[in-house]
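*Asks:* For the protein sequence lines, the chains are E and D, in the order given. All residue numbers for the first sequence refer to this note's numbering, where the first residue is 201 and numbers rise by one. All residue numbers for the second sequence refer to this note's numbering, where the first residue is 201 and numbers rise by one. The structure's right below; bear with me while I get my questions together.
Protein chains: 2
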Amino acid sequence: MPSSKRVSDLGETGLLRRIYARFARPSPGVLIGPGDDAAALRVPPGRLLLATQDDLVEGTHFQLDWTDPARLAARLFAVNLSDLAAMGDCRPLACIVSAGLPPGLPASWAQGLLAGLGRCARRYRTPLAGGNLARSKKVFLSMCAMGTARPGGLVRRSGARPGDLLAGVGPLGEAAAGVSLLRSGSVPRWGTPLVRAFWEVRPQLEAGRRLAGLATSMLDNSDGLLRSARILSEASGVRIRLDLKEAPASQALRRFCRERRLDLREHQARGGEDYGLVFTVPPGRLPRGAYRLGSVEKGRGVVFEGGAEPFEHFR
Amino acid sequence: MPSSKRVSDLGETGLLRRIYARFARPSPGVLIGPGDDAAALRVPPGRLLLATQDDLVEGTHFQLDWTDPARLAARLFAVNLSDLAAMGDCRPLACIVSAGLPPGLPASWAQGLLAGLGRCARRYRTPLAGGNLARSKKVFLSMCAMGTARPGGLVRRSGARPGDLLAGVGPLGEAAAGVSLLRSGSVPRWGTPLVRAFWEVRPQLEAGRRLAGLATSMLDNSDGLLRSARILSEASGVRIRLDLKEAPASQALRRFCRERRLDLREHQARGGEDYGLVFTVPPGRLPRGAYRLGSVEKGRGVVFEGGAEPFEHFR
Chain E
201 MPSSKRVSDL GETGLLRRIY ARFARPSPGV LIGPGDDAAA LRVPPGRLLL
251 ATQDDLVEGT HFQLDWTDPA RLAARLFAVN LSDLAAMGDC RPLACIVSAG
301 LPPGLPASWA QGLLAGLGRC ARRYRTPLAG GNLARSKKVF LSMCAMGTAR
351 PGGLVRRSGA RPGDLLAGVG PLGEAAAGVS LLRSGSVPRW GTPLVRAFWE
401 VRPQLEAGRR LAGLATSMLD NSDGLLRSAR ILSEASGVRI RLDLKEAPAS
451 QALRRFCRER RLDLREHQAR GGEDYGLVFT VPPGRLPRGA YRLGSVEKGR
501 GVVFEGGAEP FEHFR
Chain D
201 MPSSKRVSDL GETGLLRRIY ARFARPSPGV LIGPGDDAAA LRVPPGRLLL
251 ATQDDLVEGT HFQLDWTDPA RLAARLFAVN LSDLAAMGDC RPLACIVSAG
301 LPPGLPASWA QGLLAGLGRC ARRYRTPLAG GNLARSKKVF LSMCAMGTAR
351 PGGLVRRSGA RPGDLLAGVG PLGEAAAGVS LLRSGSVPRW GTPLVRAFWE
401 VRPQLEAGRR LAGLATSMLD NSDGLLRSAR ILSEASGVRI RLDLKEAPAS
451 QALRRFCRER RLDLREHQAR GGEDYGLVFT VPPGRLPRGA YRLGSVEKGR
501 GVVFEGGAEP FEHFR
């Protein structure tokens, strides 16, 4: 009965052997990969190193009963590479992953996780260069993603100027509806695209590179547009006025909001699970594929008049 | 009653504000530190980037009831920088820390953790360049430590040759005795130095740099000498014969072993909590401050005849 095997049956040594077999491949940026005390990476001359770390925690970001390990691996890559994308001109270099696993976890789950990490490492050209395994009561995954950037190609959070437009790329609110359906325990057929939007988040690396030199400020929309706008407003010392009437919304998202009696724009302003990019550009410079989300003014705070209730936040 | 404040009272925003205030300082290697989507770091031209990640998990590596948060921060730095030290010629560049915290954790505990991280960042000249906060049922800390190295100054695990000596630097078995006393719930006065050895692990960065160009293989002794020897043996394709009679042992460690009826050398062969360096050198090149731990032969596996029972491991 191979399906009843547990992580404790593989043991740390067994798991490490599988990891080395899968990931100890040479790549241009990785001189020493998994299997030594530390990874050794090559940073091309003249480029800066970018590094970020983000986690997925059982009970907080996912529940084991509705989580396929390969999808979780994909989401771990997406949320981390999304942070790199939000810096502008970034090319992924490598990543390092820590996994906290309960000994009683099915071995097949751990192997599904490794397979998923391997697929994403190839898809995003971000080799897994090292990591750590720890025994833990609940599953957690922590990834440090590294990339390199032209020093002049970075976009900070602090460069928004009065007169700029606030804009976005990527879906808005679709994934938050998907995770809400997952948590409810039953996903109607019409909701499938929303759940897929949650699991198949794509980091906006190409969009980020196109926006380098164009956007005056940028971040990835991980905790919702209201929060993102507040962060840009505080970092840049400006007021942001949200206006979501041009934001894209799928039929499934519109139906989700109707059935839950939610205001569509309010929902889109709060849900950040899509990990799109939110940025500011000078007026008239909105790039193709991006949509307007509001405007930047002198002052402080965030104003949102388009939701069910007026919302105004001052720090 | 400020002492009854919880992490949930500070909120993520409150915690982040404290983190930015403490860590958003310029340093030569850190161009962009905490507060943006990713950290931007400068890797000096011609040097490789080294990166490693290690975790401390509540219930696995520590219990909240015997853990001071500042000591935990120190241990997090030590276990990670120890991995960098084991690569040979390494200078720390920066680190990134993920923290999983329960909302009900005392706010003072989280603030003690931040203060401890700040002290270690200064002590080890390893600025905290970014991180992540996540809600979690149990505390976990995951650090990615980065350093830079001369390409010719790296020591792998795979270079041990028959005829080499096996050697160590740093304490051996003292910290494992300390953690055993902590777990037992009562620490006798004579055991204080052992507990201190556990909490005050020093990463062997200077020793690592001295050993670059001298050691033929090296790793940090995190999981015990038997395990370390097995790893070097497998990576290098050699047999390692352990002989611990020259290994240092404090009076407190000798007493611990006497009172617990443990064989001293057996205990030293199994406990790895000290994070010393274990390495191989050509005969006659044992550096000052290091001690002999055995010899390297043709063959496979690890032979340890000095313990209470003969031990022989073949993969």
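Just so you know, even glycine gets a beta-carbon here, dropped at the ideal spot from N, CA and C.
1. If you follow the beta strand (DSSP E) that THR416 (chain E) is part of, which residue opens it and which one closes it?
2. Grab me the residues of VAL243 (chain E)'s own chain with a C-beta within less than 6 Å of its C-beta, minus the 5 sequence neighbours each way, in chain order.
3. Does the beta-carbon distance from LEU256 (chain D) to LEU272 (chain D) come in below 9 Å?
4. So what's TYR491 (chain D) in DSSP terms, helix, strand or just coil?
5. Alpha carbon to alpha carbon, how far is THR260 (chain E) from PRO403 (chain D)? Give it in angstroms, no decimals.
6. Between which two residues does the beta strand (DSSP E) holding SER298 (chain E) run?
7. In the segment 392 to 453 of chain D, which residue ranges form an unbroken beta strand (DSSP E) of at least 3 residues, counting only runs that do not cross its ends?
8. Identify the contact partners of ASP209 (chain D) in chain E, using a Cβ-Cβ distance below 9 Å as the criterion.
9. Give me whichever residues DSSP pairs with GLN253 (chain E) in a beta bridge.
10. Is the segment 450 to 469 of chain E touching the segment 332 to 352 of chain E, taking contact as three or more C-beta pairs under 8 Å?
11. Could you check whether GLY368 (chain D) and ALA447 (chain D) sit closer than 9 Å to each other, using their CB atoms as the reference points?
12. Does the CB of VAL297 (chain E) have a neighbour CB from chain D at under 9 Å?
13. Would you say ARG218 (chain E) reaches chain D, if we count a Cβ-Cβ gap shorter than 9 Å as a contact?
14. Determine, using beta carbons only, whether GLU512 (chain D) comes closer than 9 Å to chain E.
15. In whole angstroms, give me the CA-to-CA distance for SER495 (chain D) and GLU473 (chain D).
16. Against chain D, does ALA329 (chain E) count as a neighbour if the rule is that its beta carbon must be under 9 Å from one of theirs?
17. Does the contact criterion of 3 or more C-beta pairs under 8 Å hold for the segment 403 to 418 of chain D versus the segment 276 to 294 of chain D?
18. What is the DSSP secondary structure of SER386 (chain D), counted as helix, strand or coil?
19. Going by DSSP, name the residue or residues bridged to GLY288 (chain D).
20. Using DSSP's beta-bridge definition, name the partner residues of GLY368 (chain E).
21. Under 9 Å between C-beta atoms, does ASP364 (chain E) make it to chain D?
22. Under DSSP, the beta strand (DSSP E) around ARG335 (chain E) begins and ends at which residues?
23. State yes or no: is the C-beta of SER282 (chain D) nearer than 8 Å to some heavy atom of the ligand SAM?
24. Would you tell me roughly how many angstroms separate the C-alpha atoms of ILE517 (chain D) and GLY331 (chain E), rounded to the nearest one?
25. Around the C-beta of ASP209 (chain E), are 16 or more other C-beta atoms found within 10 angstroms, so that it is buried, or is it exposed?
26. Taking a cut of 9 Å between CB atoms, which residues from the segment 237 to 269 of chain D lie near chain E?
27. For ARG275 (chain E), return the contacting residues in chain D, with the cut-off set at a CB-CB distance below 8 Å.
28. Residues in its own chain within less than 7 Å of ARG291 (chain D) by CB, not counting five upstream and five downstream?
29. Report all residues from its chain with a CB closer than 7 Å to the CB of THR325 (chain D); omit the five preceding and five following residues, and keep chain order.
30. Ends of the alpha helix (DSSP H) at LEU314 (chain D)?
31. Going straight from the alpha carbon of ARG591 (chain D) to that of GLY300 (chain D), what length do you get?
32. Distance check for ARG275 (chain E) and TRP399 (chain E), CA to CA, integer angstroms please.
33. Using the beta-carbon count (16 or more within 10 Å), is PHE479 (chain E) buried or exposed?
34. Taking all protein chains shown into account, decide if ASP265 (chain E) is buried (16 or more other Cβ within 10 angstroms of its Cβ) or exposed.
35. Tell me LEU248 (chain E)'s beta-bridge partners as DSSP assigns them.
36. Please state the DSSP three-state secondary structure of ALA240 (chain D).
*Replies:* A quick look at the data gives this:
1. Position 216 of the first sequence, counted from the start, is the residue given in the question as residue 416 (chain E). First-last for THR416 (chain E): undefined, no H or E at that position.
2. Working through the first sequence from its first residue, we reach residue 243 (chain E) at position 43. Cβ neighbours of VAL243 (chain E) beyond the five flanking positions: LEU249, THR348.
3. Here residue 256 (chain D) corresponds to residue number 56 of the second sequence, with the count starting at 1. Here residue 272 (chain D) corresponds to residue number 72 of the second sequence, with the count starting at 1. Yes. Within cutoff.
4. For the purposes of this step, residue 491 (chain D) is taken as the residue at position 291 of the second sequence. Residue state, collapsed to three classes: strand.
5. In the second sequence, residue 403 (chain D) corresponds to position 203, counting from 1. In the first sequence, residue 260 (chain E) corresponds to position 60, counting from 1. In a straight line, the C-alpha of PRO403 (chain D) is about 33 Å away from that of THR260 (chain E).
6. Counted from its first residue, the first sequence places residue 298 (chain E) at position 98. Residues 291 to 301.
7. 417 to 420, 439 to 442
8. The residue you call residue 209 (chain D) lines up with position 9 of the second sequence. Neighbours of ASP209 (chain D) on chain E: none; closest Cβ ~18 Å, over 9 Å.
9. Translated into positions along the first sequence, residue 253 (chain E) becomes position 53. Its beta-bridge partners are E:CYS344.
10. no
11. Reading the second sequence from its first residue, position 247 is the one you call residue 447 (chain D). Reading the second sequence from its first residue, position 168 is the one you call residue 368 (chain D). Yes; because the gap between Cβ atoms is below 9 Å, this pair is in contact.
12. Translated into positions along the first sequence, residue 297 (chain E) becomes position 97. It does; some Cβ of chain D falls within 9 Å.
13. Mapped onto the first sequence, residue 218 (chain E) falls at position 18. No, no contact with chain D.
14. Taking the second sequence and counting its residues from 1, one reaches residue 512 (chain D) at position 312. Interpretation of GLU512 (chain D) is limited by its pLDDT of 46, a score under 50 that renders its predicted location unreliable; no figure is taken from the coordinates.
15. Start at 1 with the first residue of the second sequence, and residue 495 (chain D) comes out as number 295. Start at 1 with the first residue of the second sequence, and residue 473 (chain D) comes out as number 273. Cα to Cα, the separation comes out at about 23 Å.
16. Taking the first residue of the first sequence as 1, we reach residue 329 (chain E) at position 129. Yes, ALA329 (chain E) counts as interfacial toward chain D.
17. yes
18. Within the second sequence, numbered from 1, the residue matching residue 386 (chain D) stands at position 186. Coil, per DSSP.
19. Translated into the one-based positions of the second sequence, residue 288 (chain D) becomes position 88. According to DSSP, which records beta bridges pairwise, GLY288 (chain D) is partnered with D:LEU354.
20. Here residue 368 (chain E) refers to the residue found at position 168 of the first sequence. According to DSSP, which records beta bridges pairwise, GLY368 (chain E) is partnered with E:VAL478, E:TYR491.
21. Position 164 of the first sequence, counted from the start, is the residue given in the question as residue 364 (chain E). Not one chain D Cβ lies under 9 Å of ASP364 (chain E).
22. Within the first sequence, the letter at position 135 stands for residue 335 (chain E). First-last of the beta strand (DSSP E) with ARG335 (chain E): 328 to 335.
23. Questions concerning the ligand SAM fall outside what the structure shown contains, since it holds no ligand whatsoever.
24. Outside the modelled stretch of chain D, which goes from 201 to 515, sits residue 517 (chain D), for which no answer is possible.
25. Position 9 of the first sequence, counted from the first residue, corresponds to residue 209 (chain E). Flag for ASP209 (chain E) reads exposed.
26. ASP237, ALA238, ALA239, ALA240, LEU241, ARG242, VAL243, PRO245, GLY246, ARG247, LEU248, LEU249, LEU250, ALA251, THR252, GLN253, ASP254, ASP255, LEU256, VAL257, GLU258, GLY259, THR260, HIS261
27. Your numbering for residue 275 (chain E) matches position 75 in the first sequence. Within 8 Å Cβ-Cβ: nothing; ARG275 (chain E) doesn't reach chain D, min ~14 Å.
28. By 1-based counting over the second sequence, the position of residue 291 (chain D) is 91. Correct list, in chain order: GLY347, THR348.
29. Within the second sequence, residue 325 (chain D) is the residue found at index 125, counting from 1. For clarity, residue 325 (chain D) is Arg in the given sequence; the question names Thr instead. Result list for ARG325 (chain D): PRO292, in chain order.
30. Here residue 314 (chain D) refers to the residue found at position 114 of the second sequence. Taken as a continuous stretch (DSSP letters only), the alpha helix (DSSP H) holding LEU314 (chain D) covers 307 to 323.
31. Outside the displayed span of chain D (201 to 515) sits residue 591 (chain D), for which this structure offers no information.
32. Counting from 1 along the first sequence, the entry for residue 399 (chain E) is found at position 199. Counting from 1 along the first sequence, the entry for residue 275 (chain E) is found at position 75. Near 6 Å, if we compare the C-alpha coordinates of ARG275 (chain E) and TRP399 (chain E).
33. Position 279 of the first sequence holds residue 479 (chain E). Looking at its Cβ environment, which holds 16 or more other Cβ atoms inside 10 Å, PHE479 (chain E) is buried.
34. Here residue 265 (chain E) refers to the residue found at position 65 when the first sequence is read from its first residue. So ASP265 (chain E) ends up on the exposed side.
35. Taking the first sequence and counting its residues from 1, the one referred to as residue 248 (chain E) is at position 48. DSSP, once it has assigned bridges, lists E:ALA349 as partnering LEU248 (chain E).
36. The residue you call residue 240 (chain D) lines up with position 40 of the second sequence. In the structure shown, ALA240 (chain D) sits in a strand (DSSP, three-state: E or B).
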